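**Student:** Number 176 in UniProt numbering belongs to position 176 of the sequence shown; there are no gaps in the numbering.
Glycine included, each C-beta is placed from N, C-alpha and C at the ideal position.
None of these values were measured; they are calculated from a predicted model.
My questions will all concern the structure given below.
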Amino acid sequence: MPLSFSPAVFPEAATIEELMVIKCPNGPHIPTEEDLEKQNLFEVTCSECHERVVQMAQLFSKTCPNSDGGYGPLTYGIVRDMAAGNRLGGCNLDIAYMMTYRWRMGQLADRAVKKFGLPAPSNETCIIWEGLGLWLYRHRTSDSESKQNEVGNLQQLANQKFLQPHVSGPQPDSTQGYYFGRFIEYLSAAVAEARLPMDETEKLVEEVKAYVNSFTHLS
């Protein structure tokens, strides 16, 4: 279900949500063992879902600013090629499934922020957040030195705790590609924005972790 928030949201959220709800009856579109072995290009969509996935990619390429599309250079290239309508590819994932997983991870981050009453970093939802680098830069240029150190230390603490003993949140399955790193960056920034003492920050992170880890699969 699409969520509603007070922070700024992706303008075309309703459209991409509608596209993601539709599932291709011929999917997932992933390479065969022979394709992988021979590094063959293969059809990453079928005639039934191609136009829908192209539209999804065109919208999704507008998200996750300032971070290679929020999911790394390789996956960013996959989305870019799909947005251009390229039917052939060599990626070991289903492109529609990959975009849906990241979109749902962004929604889960937003839901956690709302549930625990945390400030939304930069007053933006996860999927359109300006990113950790710019968020830190804004604090460096607007906060006093003591507040800069405080928020930076809290973000680092939260980030470390979210990564231990393993990465927090639902993991992608074999068709969904790679973990969505922006998820933890956004949550750690939100926790830092609360500016709680260190011990309370650690306790808060554990509560947020328990919540997001209660979701085992997103699709």
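Identify the residues that DSSP records as bridge partners of G89: which are they?
**Tutor:** Paired residues: F42.
**Student:** What does A8 pair with, by DSSP beta-bridge criteria?
**Tutor:** Beta-bridge pairing links A8 to E124.
**Student:** In terms of residue numbering, what span does the alpha helix (DSSP H) encompassing F180 cover?
**Tutor:** Segment: none, F180 is in no alpha helix (DSSP H) and carries neither H nor E.
**Student:** To the nearest whole angstrom, what separates the beta carbons of A194 and L187, a pair I think is in contact under 8 Å?
**Tutor:** That belief does not hold up - the Cβ atoms of A194 and L187 are roughly 11 Å apart, past 8 Å.
**Student:** How would you label H29, buried or exposed, when you count the other beta carbons within 10 angstroms and need 16 or more for buried?
**Tutor:** It counts as buried.
**Student:** Taking the alpha helix (DSSP H) that S168 belongs to, which residues open and close that run?
**Tutor:** That residue, S168, is in no alpha helix (DSSP H); it is neither H nor E in DSSP.
**Student:** With DSSP collapsed to three states, give me the class of D81.
**Tutor:** Here D81 sits in helix by DSSP.
**Student:** With burial defined as no fewer than 16 other Cβ atoms inside 10 Å of the residue's Cβ, what is the status of K161: buried or exposed?
**Tutor:** Burial call: buried.
**Student:** With burial defined as no fewer than 16 other Cβ atoms inside 10 Å of the residue's Cβ, what is the status of I16: buried or exposed?
**Tutor:** It is buried - the Cβ of I16 has at least 16 other Cβ atoms within 10 Å.
**Student:** Can A109 and Q155 be called in contact, C-beta distance under 8 Å?
**Tutor:** In this structure, Q155 does not lie closer than 8 Å to A109 by Cβ.
**Student:** Decide if the segment 11-26 is in contact with the segment 40-59; the criterion is three or more beta carbon pairs, one per stretch, under 8 Å apart.
**Tutor:** The segment 11-26, when compared against the segment 40-59, does touch it at the 8 Å Cβ threshold.
**Student:** Apart from the five residues just before and just after T175, which ones in its own chain have a Cβ nearer than 7 Å to its Cβ?
**Tutor:** Excluding residues within five positions, the ones whose Cβ falls inside 7 Å are P28, I30, L93, D94 and Y97.
**Student:** Exposed or buried, H139, counting other C-beta atoms within 10 Å across all chains shown (16 or more means buried)?
**Tutor:** H139 is buried by the Cβ-count criterion.
**Student:** Suppose you measure from the CA of A84 to the CA of Q58; what does that come to, to the nearest Å?
**Tutor:** Rounded to whole angstroms, A84 to Q58 spans 8 Å at the Cα level.
**Student:** Residues in its own chain within less than 6 Å of G90 by CB, not counting five upstream and five downstream?
**Tutor:** So the list reads L41, once near-sequence residues are dropped.
**Student:** Would you grab the beta carbon distance between N159 and I184 for me? Rounded to a whole angstrom, and I think it's under 8 Å.
**Tutor:** The pair is a contact, with the Cβ atoms about 6 Å apart (cut-off 8 Å).
**Student:** I need the DSSP call for A158, collapsed to helix, strand or coil.
**Tutor:** Helix.
**Student:** When DSSP labels each residue in this structure, what does K147 get in the three-state scheme?
**Tutor:** Helix.
**Student:** If the criterion is Cβ atoms closer than 8 Å, does the pair F180 and R102 meet it?
**Tutor:** Yes, Cβ-Cβ distance for F180 and R102 is below 8 Å.
**Student:** Within 10 angstroms of the Cβ of M99, are there 16 or more other Cβ atoms? Answer buried if so, exposed if not.
**Tutor:** Buried, because 16 or more other Cβ atoms sit within 10 Å of the Cβ of M99.
**Student:** Evaluate E200 with the Cβ neighbour count: other Cβ atoms within 10 Å of its Cβ, from every protein chain shown; 16 or more gives buried, anything less gives exposed.
**Tutor:** E200 is exposed by the Cβ-count criterion.
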